[in-house]
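Heads up: the structure comes next, in structure tokens.
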Ligand code: SIN
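Numbering (this note's numbering), first residue to last: 10 to 533.
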């Protein structure tokens, strides 16, 4: 059996959206040796890349207290005030230092020397910085450009994290049981050669993003299946709040559009939601109408769709906007036009889609998880900022702040002495006879997971639906585990094993919490 050469680094970062990239940039500046792995071929492929709305800052008539109030109101009061305080007090400065001064992100302006602040639901002020409707793409590309200039950073795309390497679990040395459990790197699959190597790391930072793609309809890219939650859970780190899955109210309804997001900033510019018969309906649900928190808007749309037996509602920007639509939303305009919808002239058919996981790997104010040696940043982490529901456009900022803080912490506490001997650690085990994988089986398993999650663990949950989902998912897990043990090593098989684990984590959390709050809505 040909082996992959093992690697060793000071900091290993798994994932390279804004959280992973900002952790990598901060670590790079400290001079530590950094390896970043991403499972996609393209380093920039991440939820960050597709973020349209923008990044929260403080607007002109704004202050940290007002932002804090909005975050906690949207989060239904179960946010961690300390974490929220870090975001609201430090956010503006870090945006200015890293994004504006260092990376030179060309944020949109309302006049030659004033930044343009957009409005989104749940915000009492206009305070969202944006680059037209291409904010995430612009930020992500600039980060990668910057990382490529550091010789102490190795960027490895097409590498899938299979299992976090932990002692004592992966140790051959029986005395390791007397030590505190610790993460010391990862077993990583080189997707191209389909072989697993060990990457030993003094610190590992999970920055794998979210899990929207375990639902049938999602605004996330297809690889967002929550690998990081599964990796951390299997390694023994604490995971919390997984029932709070946020559904975005408006993704484009079109057979080929693949959950393309219609940003909330479109409603911020005045667009109204309408039933197919032309009725605006949000005033029946919330005084803030289209600017109500997104979980309420989502449920209103879901209800209207159910009551009128329709697959979508309309979002009408053309009749209400007081802006140059093509200039403000060039990406949405161009994409909708590709599907035959001219948003300057007609309403956009939209449906809700799974968008963001408010829970995750429990971390402290420096991004440290409950497992020694393991940090988590960005969507995979639960810092406590979002509580039961995330305020729009806070996630890029949370990723930027905690990514930077995790590496700052590591650099200032760095202890290069490895608590293990590489020869004590088990190499990856391949079964004697590796089964060829059948894509039809994998596709069907994914369809079962995704439709079970959408229908029974989705926007509106009931105890009965959740119990049915649990039984179906448990059975599926059993089959997938068996398949995983026998199949030829492949990123698709690893993804499926992680996906079913994450589906169960969400389902268990939802079943254990009978209280409807924020993004977790359970009907009697
Ligand atoms: C959007 O532009 O609507 C998405 C922003 C977010 O989810 O924070």
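Every residue gets a Cβ at the ideal spot worked out from N, C-alpha and C, and that includes glycine. These numbers come from a predicted model, not from an experiment.
Non-local C-beta neighbours of residue 18 in its own chain, meaning closer than 6 Å and more than five positions away in sequence, comprise 42, 44, 210, ordered along the chain. If you check the C-beta of residue 278 against ligand 1, you find no heavy atom less than 7 Å away. The three-state reading of DSSP puts residue 415 in helix, counting H, G and I together. Distances from the CA of residue 220 to each of 173, 388, 382, 107 were compared; the closest alpha carbon is that of 388. Residue burial annotation: residue 447 is exposed, with fewer than 16 other C-beta atoms found within 10 angstroms of its C-beta. Between residue 440 and residue 203, the alpha-carbon positions lie close to 14 Å from each other.
Here residue 127 is actually not in contact with residue 114; their C-beta atoms are around 15 Å apart, not less than 8 Å. Residue side-chain check: residue 128 keeps its Cβ at 7 Å or more from all non-hydrogen atoms of ligand 1. Proximity to ligand 1 was defined by a C-beta distance below 5 Å to any of its heavy atoms, and the residues meeting it, in sequence along the chain, are 61, 62, 272, 273, 401, 402.
With contact defined as three or more Cβ pairs closer than 8 Å, the stretch 95-102 and the stretch 150-159 are not in contact.
In the DSSP secondary-structure assignment, residue 325 is bridged to 281. Residue 523 sits in coil when the DSSP states are folded into three classes, being neither helix nor strand. Out of 280, 144, 334, 456, the CA that lies nearest to the CA of residue 324 is found in 280. Look at residue 36 here: in three-state DSSP terms it is helix.
DSSP places residue 197 inside the beta strand (DSSP E), whose first and last residues are 191-199.
Take residue 39, set aside five residues on each side of it, and the residues of its chain with a beta-carbon closer than 6 Å to its own are 420, in chain order.
The Cβ atoms of residue 396 and residue 87 sit closer than 8 Å to each other. Counting the other Cβ atoms within 10 Å of the Cβ of residue 349 gives fewer than 16, which makes it exposed.
Each of 461, 308, 196, 443 was checked against the Cα of residue 13, and the nearest Cα belongs to 196.
Within the DSSP bridge table, the entry for residue 45 names 22, 164 as partners. Bridge pairing for residue 515: absent [DSSP].
When the alpha-carbon of residue 381 is set against those of 73, 55, 244, 84, the nearest one is in 244. Around the beta carbon of residue 392, a 10 Å sphere encloses 16 or more other beta carbons of the protein chains shown; the residue is thus reported as buried. DSSP, read as helix, strand or coil, puts residue 180 in strand. Rounded to whole angstroms, residue 300 and residue 398 show a C-alpha spacing of 15 Å.
Going by beta carbons, residue 304 and residue 36 fall outside the 8 Å limit.
Bounds of the beta strand (DSSP E) holding residue 385 are 383-385. Each of 507, 15, 263 was checked against the Cα of residue 489, and the nearest Cα belongs to 507. By alpha-carbon distance to residue 428, the top candidate from 79, 193, 76, 178 is 193. Here residue 374 has 91, 92, 95, 392, 414 as same chain residues with Cβ atoms under 8 Å from its own Cβ, once five neighbours each way along the sequence are excluded. In the displayed model, residue 151 falls within a helix according to three-state DSSP. Counting only runs of 4 or more residues that sit fully inside the stretch 247-321, the alpha helix (DSSP H) segments are 273-277, 303-316, in chain order.
A distance below 8 Å separates the beta carbons of residue 401 and residue 129.
Note on the stretch 209-247: there is no whole beta strand (DSSP E) run with a minimum of 3 residues.
When DSSP states are grouped into helix, strand and coil, residue 355 belongs to the coil group. Secondary structure at residue 136: coil, using DSSP grouped into helix, strand and coil.
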